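In what follows, a single structure is set out as structure tokens and then discussed.
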Amino acid sequence: MNPLLLFTAFCPRVVRLGRRFGVVVLLLGAFLVPWKVAAAGGGNGAVVPEATPVPAPPVPAPTEAASPNANCRMCHTNHRFQGRFQNGEIISLYVDEGAFGNSVHGPAGLECIACHPKTKSYPHQPSNPQIDCTTCHLVTDGTVGKVTRDLALTVDLPFADHRAMTLEINQACHTCHERAYTEAADSMHVRAMESGNRHAPVCADCHGSHAIATPGQPREKVTEICGQCHRAVYTTYRSSVHGAALAKDPTNADVPTCVDCHGVHSVRGPRSATFHNDTIAICGGCHQDPERMAKYGVSTAVYRTYLDDFHGRSVNLARLAGTGQNSPEATCFDCHGTHNIQAADDPRAMVTAENLQRTCQRCHKGANARFPQAWMGHRPPTWDTAPVVAAINMVYGYGLVPGVIGGFLVFIALDARKRWREKHRRWREAVAEAEKEIEAELGADDDHHPA
Amino acid sequence: MTITQRNRPRPPRRRTRQAPRPEAEEVDRIAIKRRLLLQRLREAEALAARIQELPDGSRVFLRFGKAERYQHFVLMATFATLAVTGLLQHFSRYLWVALTINALGGVEALRTVHHVAAVLLIAVSLYHVWRIAELWFVKRQRGAMWPQLQDFLNLFQMVKYNLGLATTPPLQERFAIEEKMEYWALLWGQTVMVITGLIMWFPIAATKALPGGAIPVSRALHAWEAILATLAILTWHVYHVHLKVHNWSIFTGYMSEEEMLEEHPLEYRRILAAREMVAKIREELAALESGKAGGRKPGPPAPAAATPEVQTQAAPPA
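Listed in order, the protein sequences are those of chains A and B. Reminder that position 448 of the first sequence reads as 456 in my numbering, one-by-one numbering, no gaps. Reminder that position 48 of the second sequence reads as 33 in my numbering, one-by-one numbering, no gaps.
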């Protein structure tokens, strides 16, 4: 609910007005709600972790007094219930009810068939010839016995292998999580899937299946999930300044996890031009924040000084152009590294005095040992950091430019004033002269004398 | 390049051992006089040739030759291009500037245009330097742009006149003090711009000879000098050649008689005097030739006062 709308509802004046203009208020609310959604969604490149999706629980149809999942439970709480894929792989069909109850879907009251919509009947259709009544209801000395829950039972599954099953069941996520699905549509992962890699991650690979927890709780878990596949990157990241801080405090909200830079569902290829250009906003999003940086003693001038410099200007302009044109100039990670990023005073950092020349040489081939001195280290030019630049700024900014241009303007003003006066003086003189001449002409003419 | 100053004799070389002076009879004084007269004739003719009679009887005066006009045109075009493309880059932190840059084709395209214009400007500057070198070392003249004490006195006189403390404006020579100030400011500014620009364009090569700190220093200097130069053009230049009067002579090459009288009265007088002098020098030369033909012996030189000072500033109007 929009808080603004709520506020208006409690305001007595508005309520009085509301009686007369109730429709107007409702219309206003209708406008405010989408506005809020748009404001929350419109980020400029900086990636925010997606809020916990609150799926609308499908309305259960309790035809029986028992839980709608009761039928499923009959078999799927059996620890020894197994399935065999067509390739012979065996999978446990046991579902941990406790884990499901603690997942985000458990309290929401989701039924099994919400995600497994094809298994509506019992036993599952198409009917499985392996299972008949006596499979479970043991026949003991001619009579039907009780249900045996711990029966060792292996059934054939209608899937080629485990992955085929995951991909099939994963389709169900889209029915509720439409937005995440749309976001992911252009992601690197979906593209990998479309290009034929069926091991590219789908929802269940990152979020899990029955024990789906709120994402990013704790934040460290995000890095571990990505690390399941991106192992080398994960190892490097754990030793970086960001990863080490997260290892120290798994709930640290200041350091970026994978998704903070790469995005969540819309994870893009890091080699794309837009990612290269947007990096400055991704890093700048945190490194401009004085509160966050003060905790670690990191300067917030880095972003501004970078944008003032040759590299930053170019990258920022390419980013604003939004044409997907890659700017050849260095962005943050070109000098600081990506997953191996270290604090600038760490000897492993790419930007220490010892390593800087090699870092510059990645683009500036043949740069000598003096070349890195050209870089002012994200420090604004002051008397301490760059005295000559500071002196130039002072001499020109306070002396030469205002002095010379001001002098010019004073001279011009005086000159223009004098010219204007001279022009009018000459004009007055000409008028006076003409007056005198005409007076002299008229002098002889008696007719024009009034007296 | 116009000749405005008469040849200045080089200071005598100091010699430790004085060479024996030749006898006066050995020196061909007539030949020397003839040579000097011919030289003056050339200069006077060059000056007099600046007057152009128009069919309607009025006169115009050549102010800028073809070379100057072309140089100015290239300078104007490249300066404007460089100022626009450079200042846009400098102020790209403002959103509207950034959007303008992207509308113009992006910063990389702008940089290419900037570099091309810079190369053209450097080329025209080198051509200018070559002409100055020719003037100095071949023709042994200083050129009319050379600053003199009189220019600073003119400036004071003009300020006094504008303030109402003097009754007459200063009488200006071929290049008035406003023009000289602009020329020297441009010369200085462009030297700074070319050096700092090349340092930024070729940073790796620059740091082979200079400390790395030269690059941020160049950046600061280049930007400030650009702002200063652009503002100077927009104020000083625009006022003096567009607002005060619209002076077309840098494009047409010619100035009307009224404009000459108003803005460069001393040069105007000099040109008119030179025209009168051409005939006089010719007569003298003819006399010299006839005397020689008559078998006259080399004698004492004609008095120097016989040939009037053609080109000094203090030359009285003929």
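C-beta atoms are modelled at their ideal positions from N, C-alpha and C, and glycine is treated no differently. As the structure is a prediction and not an experimental result, all values here were calculated from the model.
Residue from Y224(B), E243(B), A151(B) and R254(B) whose Cα sits closest to the Cα of F6(A)
Any answer about residue 6(A) is impossible in this case: the structure gives chain A only from 9 up to 459.
If you compare alpha carbons, which of I200(B), A161(B), M262(B) and W173(B) is closest to V226(B)?
Taking the Cα of V226(B) as reference, the smallest distance to any Cα among I200(B), A161(B), M262(B) and W173(B) is reached at A161(B).
Identify every residue that forms a DSSP beta bridge with V45(B).
For V45(B), which the question treats as bridged, DSSP gives the partners Q37(B) and S241(B).
Can you grab the Cα-Cα spacing for the pair W383(A) / R78(B), in whole Å?
CA-CA distance, W383(A) to R78(B), rounds to 19 Å.
N401(A): contacting residues in chain B (beta-carbon distance under 8 Å):
Within chain B, the residues whose beta carbon sits less than 8 Å from that of N401(A) are A205 and W209, listed in sequence order.
Measure the alpha-carbon distance for I200(B) versus M143(B) and round it to whole angstroms.
Straight-line Cα distance between these residues: approximately 42 Å.
Listing by chain order, which chain A residues have their CB less than 8 Å from the CB of A83(B)?
The contacting residues are N324, L325 and L328.
How would you call A88(B), buried or exposed, if buried means at least 16 neighbouring beta carbons within 10 angstroms?
A88(B) comes out exposed.
Going along the chain, which residues of the stretch 150 to 182 of chain B sit with their C-beta nearer than 7 Å to a C-beta in chain A?
So nothing in the stretch comes that close.
Within 10 angstroms of the Cβ of H344(A), are there 16 or more other Cβ atoms? Answer buried if so, exposed if not.
Using a 10 angstroms sphere on the CB of H344(A), the tally of other CB atoms reaches 16 or more, which defines it as buried.
F89(A) - containing beta strand (DSSP E), residue span:
Segment F89 to R92, the beta strand (DSSP E) holding F89(A).
Going residue by residue through the stretch 344 to 430 of chain A, where are the continuous alpha helix (DSSP H) segments of at least 4 residues, counting only ones entirely within it?
Within the stretch 344 to 430 of chain A, the complete alpha helix (DSSP H) runs of at least 4 residues are 364 to 369 and 395 to 402.
Check this for me: beta carbons of T222(A) and V112(A), under 8 Å apart or not?
Yes, the Cβ-Cβ distance between T222(A) and V112(A) is below 8 Å.
Report buried or exposed for C269(A), applying the criterion of at least 16 other Cβ atoms within 10 angstroms of its Cβ.
When all chains shown are included, C269(A) counts as buried.
Would you mind sorting G271(A) into buried or exposed? The rule is 16 or more other CB atoms within 10 Å of its CB.
With 16 or more other Cβ atoms from the protein chains shown falling within 10 Å of its own Cβ, G271(A) counts as buried.
Taking buried to mean at least 16 other C-beta atoms within 10 Å of its own C-beta, is E337(A) buried or exposed?
Classification of E337(A): buried, given that the 10 Å Cβ count is 16 or more.
Distance, Cα to Cα, A129(B) vs A34(B)?
Looking at the two C-alpha atoms, the distance is approximately 18 Å.
Which residues mark the beginning and the end of the beta strand (DSSP E) in which I98(A) is found?
I98 to S100 is the span of the beta strand (DSSP E), which, as asked, contains I98(A).
Return the residue from the list G305(A), L159(A) and R321(A) that minimises the CA-CA distance to R312(A).
It is R321(A).
When DSSP labels each residue in this structure, what does L161(A) get in the three-state scheme?
It is a strand residue.
Touch check for the stretch 67 to 83 of chain B and the stretch 126 to 141 of chain B: three-plus C-beta pairs under 8 Å?
No, because fewer than three Cβ pairs between the stretch 67 to 83 of chain B and the stretch 126 to 141 of chain B fall closer than 8 Å, the two stretches do not touch.
What does P380(A) touch in chain B if you count any residue whose Cβ is under 8 Å from its own?
Here the neighbours are G197.
Can you list, in chain order, the residues of its chain whose CB lies under 7 Å from that of T215(B), leaving out five sequence neighbours each side?
The answer, listed in chain order, is A68 and L72.
Please list the terminal residues of the continuous alpha helix (DSSP H) segment that includes H270(A).
Where H270(A) is concerned, the enclosing alpha helix (DSSP H) stretches over C266 to H270.
Give the C-beta separation of L120(B) and V59(B) to the nearest angstrom, bearing in mind that I take them to be a contact with Cβ-Cβ under 8 Å.
Rounded, the Cβ-Cβ distance is 19 Å, inconsistent with contact.
Measure from the C-beta of W221(B) to each C-beta in chain A and report whether the shortest distance is under 8 Å.
In terms of beta-carbon proximity, W221(B) lines the interface with chain A, with at least one pair separated by less than 8 Å.
Using a Cβ cut-off of 8 Å (strictly closer), state whether G238(B) contacts chain A.
For G238(B), not one C-beta of chain A is nearer than 8 Å to its own C-beta.
Is the beta carbon of R54(B) less than 8 Å from the beta carbon of I218(B)?
No, these two residues do not count as a Cβ contact at 8 Å.
May I have the straight-line CA-CA distance separating R116(B) from K124(B), to the nearest angstrom?
Distance from the CA of R116(B) to the CA of K124(B), rounded to the nearest whole angstrom, comes to 10 Å.
Against chain B, with Cβ distances strictly below 8 Å, would D316(A) count as a contact?
Cβ-Cβ to chain B under 8 Å: yes for D316(A).
Give the residues from the stretch 31 to 60 of chain B that approach chain A closer than 8 Å (Cβ to any Cβ), ordered along the chain.
Identification of residues in the stretch 31 to 60 of chain B having a C-beta nearer than 8 Å to some C-beta of chain A yields an empty set.
Which term fits H207(A), buried or exposed, when burial requires 16 or more other beta carbons within 10 angstroms of its beta carbon?
Here H207(A) is exposed, its C-beta having fewer than 16 other C-beta atoms within 10 Å.
Cutoff 8 Å: P188(B) Cβ touching any chain A Cβ:
Yes, P188(B) lies at the interface with chain A (some Cβ there is under 8 Å from its Cβ).
For the alpha helix (DSSP H) holding V230(A), just list the boundary residues, first then last.
Counting along the chain, the alpha helix (DSSP H) containing V230(A) begins and ends at E228 to C237.
Using a 10 Å radius around the Cβ and a threshold of 16 neighbouring Cβ atoms, would you call C371(A) buried or exposed?
With fewer than 16 other Cβ atoms within 10 Å, it is exposed.
Nearest-angstrom Cα distance between G235(A) and R246(A)?
Between the alpha carbons of G235(A) and R246(A) lies a distance of about 10 Å.
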